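2 protein chains.
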Amino acid sequence: MTGAKKAPVGRPRGFDADEALERALLVFWEKGYEGAGLADLTAAMGITRTSMYAAFGNKEQLFRRALDRYTEGPASYGELALTEPTALAVASAFLNGSVRTTTRPDAPAGCLGVQGSLASGEAGRPIHDALVEWRTAAEVRLAERFRRAVDEGDLPAGADPRRLARYIMTVANGIAVQAAGGASRGELQEVADTALRNWPPV
Amino acid sequence: MTGAKKAPVGRPRGFDADEALERALLVFWEKGYEGAGLADLTAAMGITRTSMYAAFGNKEQLFRRALDRYTEGPASYGELALTEPTALAVASAFLNGSVRTTTRPDAPAGCLGVQGSLASGEAGRPIHDALVEWRTAAEVRLAERFRRAVDEGDLPAGADPRRLARYIMTVANGIAVQAAGGASRGELQEVADTALRNWPPV
DNA sequence: CCGGTTCAGTACCGATCGGTACTGAAAAGA
DNA sequence: TCTTTTCAGTACCGATCGGTACTGAACCGG
Numbered sequence: 004m005t006g007a008k009k010a011p012v013g014r015p016r017g018f019d020a021d022e023a024l025e026r027a028l029l030v031f032w033e034k035g036y037e038g039a040g041l042a043d044l045t046a047a048m049g050i051t052r053t054s055m056y057a058a059f060g061n062k063e064q065l066f067r068r069a070l071d072r073y074t075e076g077p078a079s080y081g082e083l084a085l086t087e088p089t090a091l092a093v094a095s096a097f098l099n100g101s102v103r104t105t106t107r108p109d110a111p112a113g114c115l116g117v118q119g120s121l122a123s124g125e126a127g128r129p130i131h132d133a134l135v136e137w138r139t140a141a142e143v144r145l146a147e148r149f150r151r152a153v154d155e156g157d158l159p160a161g162a163d164p165r166r167l168a169r170y171i172m173t174v175a176n177g178i179a180v181q182a183a184g185g186a187s188r189g190e191l192q193e194v195a196d197t198a199l200r201n202w203p204p205v
Numbered sequence: 004m005t006g007a008k009k010a011p012v013g014r015p016r017g018f019d020a021d022e023a024l025e026r027a028l029l030v031f032w033e034k035g036y037e038g039a040g041l042a043d044l045t046a047a048m049g050i051t052r053t054s055m056y057a058a059f060g061n062k063e064q065l066f067r068r069a070l071d072r073y074t075e076g077p078a079s080y081g082e083l084a085l086t087e088p089t090a091l092a093v094a095s096a097f098l099n100g101s102v103r104t105t106t107r108p109d110a111p112a113g114c115l116g117v118q119g120s121l122a123s124g125e126a127g128r129p130i131h132d133a134l135v136e137w138r139t140a141a142e143v144r145l146a147e148r149f150r151r152a153v154d155e156g157d158l159p160a161g162a163d164p165r166r167l168a169r170y171i172m173t174v175a176n177g178i179a180v181q182a183a184g185g186a187s188r189g190e191l192q193e194v195a196d197t198a199l200r201n202w203p204p205v
């Protein structure tokens, strides 16, 4: 029973790693992976380069940690939407969440999963690919949920779950781009509502 | 009558500026403004740094020239769509053109106007803003066209041209993101068709 | 052929990139 | 108090960033 997981020998860390990660997330969110430099990041985190490397490994791992935090925080609407009772409610919750997260007054405009690294040089390839996978995963989850809706009779028997999921994901991605360009929450909510008129689109 | 605009004294340029600009466009398209380095650009253009600076000024002006070329070339579907006879035909031509341009087999996936600079550091600010304006301009043109359609009775009297334009532009931006993530032309054409079912969305 | 002009290329500029070795202090256990 | 461990900070690494001075050669009109 050596349950003593605490009391690590040596000098304890002098900063809150969670708080520092949150600050890094905001910088990546605003400037993207390649646009955010170590100088920006460490300045915002309030720590030195050395402390960052000791705590998080390197810039790429820091970004991945920030992406995880983003997924469980600002982007948690994605998982939450899947629990809605009907396909329309799922799609609606997903798009509404997208609108709210991309237009938060206390965070950068847009979506980290989109503007984090949409196009990049060779150096940013791994993160670019990670974000492609991140977006694809969300689309797959939506498709699975819509497939269940077809099975349950909530969607017409002829409906194509993958096509519907791709459509919803496309609108969400478009909302992210619009938000990055300065579109307001009200304007984007109108877009989300418009996208869901006459649901399901046959 | 000093009409002699040709015959510039001195050694003539040893490369085709249009061809070089086309190559630069492809690099910016693939890697984005900040992701594309002078080394990448000049290597693809087949000229040296000096020649590039002499011919185009600097990196930012080179990008603006490339964006102009993109607008008049691969993205010319935007202006062309406006000449369609009905609002539905306009929206359809716009989205179909978006799908084709973002999934050309002979060019990078996605849209230069989106992935050229969606998020960036301080250095890329001017180009970021230029692309926001570029996308906004397209949306405004669409809204004007839809307003005309309302006046002509082609769209219902109660329709909101700006809202419809924003919706179409959002879907087009989403298509660009999807294409950047590897979506196929067929998949995105399905998305475009889905977005236009039951047009106009009241 | 010659003088003038503009080309292309090398070599380099200061600044910044991500990442690290080294120093010295702070805190825990003994 | 002493030893050990890990902290934080300075200073620096080679590489690359965008941009430029300088060198010669190539081409023009005369």
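Chains as they are written, first to last, in the numbering used here: chain A, 4 to 205; chain B, 4 to 205. Note that the Cβ used here is the ideal one computed from N, Cα and C, for glycine as well. Predicted, not measured: the structure shown is a model, and the values here were computed from it.
Asked: Between the region 172-191 of chain B and chain A, which residues of the former have a C-beta closer than 9 Å to a C-beta of the latter?; Found: Met172, Thr173, Val174, Ala175, Asn176, Gly177, Ile178, Ala179, Val180, Gln181, Ala183, Gly184, Gly185, Ala186, Glu190 and Leu191
Asked: Take A/Gly35 and list the residues in its own chain whose beta-carbon comes closer than 7 Å to its own, dropping the five residues that flank it on each side.; Found: Gln118, Gly119 and Ser120
Asked: Do B/Ala168 and B/Val102 come within 9 Å of each other at the CB atom, strictly closer than that value?; Found: no
Asked: Once DSSP output is grouped into helix, strand and coil, what is the label at A/Pro111?; Found: coil
Asked: Can the beta-carbon of A/Glu37 be found less than 9 Å from the beta-carbon of A/Ala126?; Found: yes
Asked: May I have the straight-line CA-CA distance separating A/Ala92 from A/Glu147, to the nearest angstrom?; Found: 15 Å
Asked: Less than 6 Å between C-beta atoms, sequence neighbours within five positions excluded: which residues of the same chain meet that for B/Arg128?; Found: none
Asked: In this structure, does DSSP put A/Asp19 in helix, strand or coil?; Found: coil
Asked: Is it the case that the Cβ atoms of A/Leu29 and A/Ala47 are separated by a distance below 9 Å?; Found: yes
Asked: Let me know if A/Asn201 comes out buried or exposed under the rule of 16 or more other beta-carbons within 10 Å of its beta-carbon.; Found: exposed
Asked: How far does the alpha helix (DSSP H) with A/Ser54 in it extend, from its first residue to its last?; Found: Arg52 to Phe59
Asked: B/Ser187 by DSSP, collapsed to three states: which one?; Found: coil
Asked: Please give the ranges of any alpha helix (DSSP H) in the region 119-193 of chain A, keeping only runs that are unbroken, at least 4 residues long and fully inside the region.; Found: 128-154 and 164-183
Asked: List, in order along the chain, the chain A residues whose C-beta lies closer than 9 Å to that of B/Arg169?; Found: Gln181, Ala186, Glu190, Leu191, Glu193, Val194 and Thr197
Asked: What I want to know is whether the C-beta of B/Asp163 ends up closer than 8 Å to one or more non-hydrogen atoms of the ligand ADP.; Found: The ligand ADP is not part of the structure shown, which contains no ligands of any sort.
Asked: Rank A/Thr89, A/Arg68 and A/Tyr73 by C-alpha distance to the C-alpha of A/Arg151 and give the top, closest one.; Found: A/Thr89
Asked: For A/Ala39, name the three-state secondary structure that DSSP assigns.; Found: coil
Asked: Is the region 99-113 of chain B touching the region 69-78 of chain B in the sense that three or more CB pairs, one from each, lie closer than 8 Å?; Found: yes
Asked: Does the contact criterion of 3 or more C-beta pairs under 8 Å hold for the region 16-26 of chain A versus the region 49-65 of chain A?; Found: yes
Asked: Using a Cβ-Cβ cut-off of 7 Å (strictly less than) and excluding sequence neighbours within five positions of B/Ile50, which residues of its own chain qualify?; Found: Phe18 and Ala23
Asked: Are the CB atoms of A/Leu115 and A/Gly100 within a distance shorter than 9 Å?; Found: no
Asked: Comparing C-alpha positions only, which one of B/Pro204, B/Leu98 and B/Ser54 sits nearest to B/Arg16?; Found: B/Ser54
Asked: Which residues mark the beginning and the end of the alpha helix (DSSP H) in which B/Val12 is found?; Found: Note, B/Val12: premise wrong, no alpha helix (DSSP H); not H, not E.
Asked: If contact means a Cβ-Cβ distance below 8 Å, which residues of the region 143-162 of chain B contact chain A?; Found: none
Asked: Report the three-state DSSP secondary structure of A/Val117 (helix, strand or coil).; Found: helix
Asked: By Cβ distance below 6 Å, which residues in the same chain neighbour A/Gln192 in space, the five residues on each side in sequence not counted?; Found: Val102
Asked: Please compile the residues from chain B whose C-beta is within a distance smaller than 8 Å of the C-beta of A/Ser123.; Found: Lys34, Gly35 and Gly38
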